Amino acid sequence: DKIALEIHGIRIDKSLSELSYGKECIVTLAGPLINAVFMLVFSRDASSTAFFVNTGLLIVNLLPLSTLDGGRLLYCFTAMLKDSHTAEKAVTVSGIVTAVVLSIVLALLLFSGNTNASVIIFAVIAIFSVISDLSCGRF
């Protein structure tokens, strides 16, 4: 078990070896499900900040980056169906694709003049996440 502060956030490596991949998926889905519940609670006023924040968190958490819940879900589902080596490759490739897509969106926003600071920050974080994973030999 290890907690590490990295450039793109805090990584908590906790041994979940006692859980099956299916149970680990359920645990991993807890965060996005809470965001979905709050999103529904605040959906009566779709213009509320709480609605947009929880919708954004739900979408971001499900992106397939290793540092997010989406990456962990992809790993667990792939490991259940294939093996852990294939799952690591799937998370690496999906992380690279996600970082490239976010970088393209970032470039389009910069050139269009509609700069959105949150997209810029998240694209940079995604890129650093992928670089960190590749350099450390993680997923």
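Here the sequence shown stands for residues 108 to 246, where the numbers follow this note's numbering. Ideal placement from N, C-alpha and C gives every residue a C-beta, glycine not left out. Keep in mind that this is a model prediction, so the values were computed, not measured.
- Query: With 16 as the cutoff for other CB atoms within 10 Å, does residue 157 come out buried or exposed?
  - Reply: exposed
- Message: Considering only their Cβ atoms, is the gap separating residue 224 from residue 206 smaller than 9 Å?
- Response: no
- Task: Hey, could you find the ends of the alpha helix (DSSP H) residue 131 is sitting in?
- Result: 128-135
- Task: Check whether the stretch 146-154 touches the stretch 123-135, taking contact to mean three or more Cβ pairs, one atom from each stretch, closer than 8 Å.
- Result: no
- Separation of residue 125 from residue 169, as counted between CA atoms: 24 Å
- Message: Using only the alpha-carbon positions, how far apart do residue 186 and residue 215 sit?
- Response: 35 Å
- Message: Quick check: what's the CA-CA separation for residue 181 versus residue 219?
- Response: 33 Å
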